[in-house]
Structures are given as C-alpha cells and as structure tokens.
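> This is the structure I want to talk about, given as structure tokens.
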Amino acid sequence: GTTLGASAAEKGRYFGTAVAAFKLSDSAYTTILNREFNMVTPENEMKIDATEPQQGQFSYGSAEQIVNHARSRGMNVRGHTLAWHSQQPGWMQNMSGSALRQAMLNHVTQVATHFRGQIYAWDVVNEAFADGSSGARRDSNLQRTGNDWIEAAFRAARAADPGAKLCYNDYNTDNWTHAKTQAVYTMVRDFKSRGVPIDCVGFQSHFNNDSPYVSNYRTTLSSFAALGVDVQITELDIQGASAATYRSVVEDCLAVARCNGITVWGIRDSDSWRSSQTPLLFTSSGAKKPAYDAVLAAL
Ligand code: XIL
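Printed below as a string of structure tokens:
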C-alpha cells in the first residue's frame with residue numbers, strides 16, 4: 001500500500017490517529033487524516049468532562065463530529081474513555097462512595113449506549129494502576145469505591161454496547177519486567193478466568209527518555225495475547241521519532257497475531273500533546289518524516 005491505513009489493512013490491521021474535533025476545519029490536517037488513517041480516537045471529546053459536564057446532562061456534539069467524520073469515510077473509531085481518574089468534571093471529582101460508583105456506572109451505560117454500534121473498541125477503564133514498583137492500583141476516587149470498580153465498569157459497558165471490543169488501557173505497561181505491567185497482566189488473567197467481559201488491552205506506548213521503548217515489548221504484547229485478549233497500541237508517540245524505534249514497534253505488532261493495530265497520538269508534531277518532543281510521523285507543516293517512511297516500509 002501507499003498509505004499507512006491501506007498498508008495496515010493488507011496485513012489485517014488498522015493504522016489510526018488521535019483526532020481533535022476543532023481541527024476538522026483545518027484542511028491541511030484533514031487531508032493527511034483522510035489519506036493515511038483508517039481508525040480514529042477522539043483525543044479529548046469522549047472523556048467524562050466532555051460527555052457529562054453536568055451530572056445527568058450529556059453532551060455529545062464534538063464526539064459525534066469525529067465519529068461522523070470517520071465513519072462516513074470508512075474509518076473506524078476507538079472510544080476513549082468511559083472511566084478514568086483524570087479529566088473528570090468537577091461534580092464527579094467531588095463525589096465518593098456508592099454515589100460515585102452509581103454515577104460512574106450510569107456514565108458508562110449512557111455513553112456506551114449513545115454510541116452503540118459505532119465504536120470498534122472502547123477504552124472502558126484508563127490508567128487504573130500505580131506507577132513504580134508497588135504493583136498496586138492507583139489511588140483515586142473511583143478506586144476508593146471498591147476494588148471491583150473496574151469489573152463493574154466492564155460489565156456495564158458490555159450490557160450497553162455488546163458489539164464493541166472492551167479494552168483496559170494504560171501507559172508504562174510496555175516493559176514486561178516492570179511491576180505495573182505484571183499487575184495489569186494479573187488483573188486480565190483474573191478477569192478472563194472469572195468471565196469478566198474484557199476483550200483487549202491497550203498499550204498507550206508514550207515512549208520517551210524516562211520510559212523508553214525496550215526490546216521485550218514484543219514479549220509483553222504476546223504474553224497478554226496468550227491470555228485470550230486482543231492487544232492494541234493505542235497512543236503511540238516516540239520522543240525524537242527515531243525511525244528505527246517506530247519500525248520496531250510496527251514489527252512487534254505484526255509479529256503478534258492478536259495485535260489489531262496501531263494508533264499514533266496525533267498527526268503532525270504540532271498536534272502532539274508533547275510537541276516539543278517532536279514525537280510523531282509528520283512535521284508541523286505536514287511533511288512525512290523519516291519515521292513515516294520506516295513505518296510504511298515495515299507495514
Ligand atoms: C491527553 C491529550 O492528548 C491532551 O490534549 C489533554 O490535554 C490531556 O490528555 N493518556 C491518555 C490520553 O489516555 O487521554 C492523554 O491525552 C494522554 C495520556
């Protein structure tokens with residue numbers, strides 16, 4: 001193929017990007033989006049603060065803009081994210097206990113129901129594990145409602161949108177030897193053994209000097225896949241955009257049958273949440289970088 005999406009599709013995979021609704025009026029942006037990608041993730045528009053800014057009042061306009069842009073052009077959509085400790089609206093930040101548990105489950109149900117049938121995979125729960133060597137859950141208002149909050153969210157999502165794949169998504173879960181990776185692995189193994197409805201694990205894969213790509217990444221992907229879940233690379237960016245590292249990530253995904261695809265976290269360096277790291281595949285003026293050529297060649 002001559003584009004990322006078409007080449008990935010030839011291998012039975014997808015190649016996606018995060019998309020910001022407010023950029024859909026930028027033709028330089030949409031030209032690359034429409035040409036290169038066959039999966040999109042709303043960068044912020046499906047987060048809790050965007051979709052339920054006031055309790056019980058749902059707001060789907062900018063998320064729908066992205067979903068409609070994508071699906072009308074044959075692209076699929078990853079839904080991101082139904083339950084997360086971050087980017088919560090003020091009303092939720094101030095909640096706790098059973099009221100918060102109920103509000104979280106209602107949020108999952110309402111949003112997944114609204115988009116039912118239109119989402120390829122939901123990041124049902126995002127970033128629920130702590131960094132460092134503890135292997136513990138991250139402390140958060142959601143975690144304090146009880147350790148079973150994650151499986152409760154997955155069950156609510158399955159009931160609301162039974163056709164979507166349901167993913168657990170996190171960062172710094174790339175290095176197989178790290179406690180956080182092992183802790184997520186143990187949770188997924190437990191969920192599979194008890195019939196909790198989980199279909200996939202998302203690896204954000206924000207690689208930088210503090211958390212670099214390591215060669216055991218392929219072992220991580222294949223070990224999770226061996227539990228009976230799909231794996232997806234959901235938010236890829238690489239500080240400095242080394243062509244060799246991008247190539248390795250693509251090769252690792254292609255080496256794992258259950259790696260469905262790769263999403264980069266933005267199109268041009270200027271679109272990146274970490275733009276000073278110039279971590280993406282296109283320059284700020286929209287030119288293909290050496291990393292782009294490496295990815296296309298590896299696909
Ligand atoms: C980031 C967005 O890119 C920014 O625009 C926003 O200000 C903060 O969130 N992990 C995730 C993503 O799961 O939702 C985050 O996205 C990046 C880290």
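Per mature numbering (1 follows the signal peptide of the UniProt record, and there is no 0), residue 1 is the first one in the sequence shown, and the count goes up by one each step. Ideal placement from N, C-alpha and C gives every residue a C-beta, glycine not left out.
Between the alpha carbons of residue 67 and residue 100, how many angstroms are there, rounded?
Whole-angstrom Cα-Cα distance: 28 Å.
> Exposed or buried, what is residue 78 when buried is set at 16 or more other beta-carbons lying within 10 Å of its beta-carbon?
Looking at its Cβ environment, which holds 16 or more other Cβ atoms inside 10 Å, residue 78 is buried.
> If you measure from each residue's Cβ to the nearest non-hydrogen atom of the ligand XIL, which ones come out under 7 Å, in chain order?
That query returns the following residues: 18, 43, 44, 47, 80, 81, 87, 126, 127, 169, 171, 204, 206, 235, 265, 273.
> Determine, using beta carbons only, whether residue 214 and residue 166 come nearer to each other than 9 Å.
Taking 9 Å as the Cβ cut-off, residue 214 and residue 166 do not qualify as a contacting pair.
> Just the C-alpha distance for residue 281 and residue 209, rounded to the nearest angstrom, thanks.
Roughly 18 Å between the two C-alpha positions.
> Pull up the CB-CB distance for residue 256 and residue 218, whole angstroms please, since I reckon it's below 8 Å.
About 7 Å separates the two Cβ atoms, so the contact holds.
> Return helix, strand or coil for residue 281, following the three-state DSSP convention.
Reduced to three states, the DSSP call for residue 281 is coil.
> State buried or exposed for residue 278, treating a residue as buried only when at least 16 other CB atoms are found within 10 Å of its CB.
That one is buried.
> Taking residue 200 as the reference, which of 164, 174, 178 has the closest Cα?
It is 164.
> Tell me the rounded alpha-carbon separation between residue 176 and residue 202.
Rounded to whole angstroms, residue 176 to residue 202 spans 14 Å at the Cα level.
> Taking residue 165 as part of the beta strand (DSSP E), name the residues at either end of that continuous run.
It spans 165 to 170 - the beta strand (DSSP E) in which residue 165 sits, taken as one unbroken run.
> At 4 residues or longer, and completely inside the region 210 to 262: list those alpha helix (DSSP H) runs for me, N to C.
Those alpha helix (DSSP H) runs which fall completely within the region 210 to 262 and span 4+ residues are 217 to 225, 243 to 255.
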